[in-house]
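Trainee:
Chains as they are written, first to last, in the working numbering: chain C, 34 to 132; chain P, 333 to 508.
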C-alpha cells in the first residue's frame, strides 16, 4: 500500500476525533476523542517512518503513547474528582474560570 | 494480500472511531475505542512497527482502556443534555470536521514528497523490532526517554492528588 493511503486514513481519523470533541459534552467521551486524534497522529508518524525507512518515527510514536497515557491519568483523575464533588459531568457547566 | 489487510484494518479503525463519537452510552464508546485500537495495531504491523503494535495492544487496549472502563462504570451513564450552548452545534461540528479533513487531504495530496506514492524502501530485517527501538531509546533518544519517564511519574502523583478524598467533600455530600 502507498504511504498516501495511510496518511489519508490518519487525516480521516483525526477529523473524526476532532468532530467528536466539538460534538460531545461528556468529558469522558471528549478524552476518548483526544485519544482518537493522538492515535491518528501516531499512524501518520509510523507511515512516514516506513516511507523513509527510518525508525526515528517509531520512537516518536512510542513517546506519543506515553504522553497519551499521562493525559488519560490526569483527565480521568479530574473526572473522578468532579464526580465526587457532585458536579455535573458536562463540559459546558465547567465555566467558573471563564473571563 | 496487503491491500486486503489494509482495508480490513482501515474499516475497523474508522468504524470504531465513528462508533466512539456516535454511541450515546460512554461505556459503549470505550468498547468501540478498543476495536479502533486493535485495528490500528494491525495497521501498525503492516507498517513494520512490530514493537509499537505490541505496545499498542498491551499498554493501550489493555491497561489504559481498563482504566477507562473503571471510570465509566464508576461515574455511570451521564445523560448529555439536549440543549445546545451554541445553536446548530450538532450540524456545525461534523461540517468543521469535514472541512479539516479536506484541508489535511489537500495538504497530503499536494505535498511534493515523491516517497508517499510508493510503499517505501525495502527495510532490513529487524526494522521496528524491540531490539532496534530499545537501542534507539537508550542511545539517541535517551533524554526524551528520561523526560517521558519523569512525566509519567508526575502524572501518577498528580492523579493521586486529584482523586484523593478530602474532608470538605464529605460535608458537601451531606449538604447536597
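Note that the Cβ used here is the ideal one computed from N, Cα and C, for glycine as well.
Since we're looking at a predicted model, the values are computed, not measured.
Can you tell which of P:489, P:464, P:450 has its C-alpha closest to the C-alpha of residue 35 of chain C?
Mentor: Closest by alpha carbon: P:450.
Trainee: Give the list of continuous beta strand (DSSP E) stretches no shorter than 3 residues that lie fully inside the stretch 419-451 of chain P.
Mentor: List check, beta strand (DSSP E) in window: nothing returned.
Trainee: How about residue 369 of chain P and residue 392 of chain P: do their beta carbons lie closer than 8 Å?
Mentor: Yes; because the gap between Cβ atoms is below 8 Å, this pair is in contact.
Trainee: At the 8 Å Cβ level, is residue 352 of chain P part of the contact set with chain B, yes or no?
Mentor: Absence of chain B from the displayed structure is noted, the protein chains being C and P.
Trainee: Can you tell me whether DSSP reads residue 52 of chain C as helix, strand or coil?
Mentor: Reduced to three states, the DSSP call for residue 52 of chain C is helix.
Trainee: How about residue 437 of chain P and residue 77 of chain C: do their beta carbons lie closer than 8 Å?
Mentor: Contact: no.
Trainee: Regarding residue 92 of chain C and the ligand GTP, is the C-beta to nearest heavy atom distance less than 7 Å?
Mentor: Questions concerning the ligand GTP fall outside what the structure shown contains, since it holds no ligand whatsoever.
Trainee: Taking the beta carbon of residue 333 of chain P as the centre, do at least 16 other beta carbons fall within 10 Å, making it buried, or is it exposed?
Mentor: It is exposed - the Cβ of residue 333 of chain P has fewer than 16 other Cβ atoms within 10 Å.
Trainee: Please report the distance separating the alpha-carbon of residue 427 of chain P from that of residue 401 of chain P.
Mentor: Each residue's Cα considered, the two are about 30 Å apart.
Trainee: Nearest to residue 481 of chain P by alpha carbon, out of C:118, C:105, C:100?
Mentor: If we check each option's Cα against that of residue 481 of chain P, C:100 comes out closest.
Trainee: Around the Cβ of residue 375 of chain P, are there at least 16 other Cβ atoms within 10 angstroms (buried) or fewer (exposed)?
Mentor: It counts as buried.
Trainee: Could you run through the stretch 109-128 of chain C and flag, in chain order, every residue whose CB is less than 8 Å away from some CB of chain P?
Mentor: From the stretch 109-128 of chain C, only 109, 110, 111, 112, 113, 114, 116, 117, 118, 119, 122, 123, 125 have a Cβ closer than 8 Å to chain P.
Trainee: Pull up the CB-CB distance for residue 384 of chain P and residue 73 of chain C, whole angstroms please, since I reckon it's below 8 Å.
Mentor: Not really, about 14 Å apart at Cβ, beyond 8 Å.
Trainee: Taking DSSP as the reference, what is the three-state secondary structure of residue 507 of chain P?
Mentor: Caution applies to residue 507 of chain P, whose pLDDT of 43 falls short of 50 and renders its modelled position unreliable; the value that the coordinates give is listed next. Reduced to three states, the DSSP call for residue 507 of chain P is helix.
Trainee: Report all residues from its chain with a CB closer than 8 Å to the CB of residue 105 of chain C; omit the five preceding and five following residues, and keep chain order.
Mentor: 64, 68, listed in sequence order.
Trainee: In whole angstroms, what is the alpha-carbon distance linking residue 66 of chain C and residue 60 of chain C?
Mentor: Looking at the two C-alpha atoms, the distance is approximately 10 Å.
Trainee: When you compare each of C:53, C:40, C:83 to residue 423 of chain P by their alpha carbons, which one comes out closest?
Mentor: Ranking C:53, C:40, C:83 by Cα distance to residue 423 of chain P puts C:53 first.
Trainee: Between residue 425 of chain P and chain C, is any beta-carbon pair separated by less than 8 Å?
Mentor: Answer yes: the Cβ-Cβ gap between residue 425 of chain P and chain C drops below 8 Å somewhere.
Trainee: Rounded C-beta distance between residue 80 of chain C and residue 432 of chain P? I'm assuming under 8 Å.
Mentor: Going by Cβ atoms, the distance from residue 80 of chain C to residue 432 of chain P rounds to 19 Å, so no, they are not a contact pair.
Trainee: Just how far apart, CA to CA, sit residue 91 of chain C and residue 381 of chain P?
Mentor: Using only the alpha carbons, I get a separation of about 7 Å.
Trainee: Go ahead and label residue 479 of chain P buried or exposed: buried means 16 or more other beta carbons lie within 10 angstroms of its beta carbon, across all protein chains shown.
Mentor: So residue 479 of chain P ends up on the exposed side.
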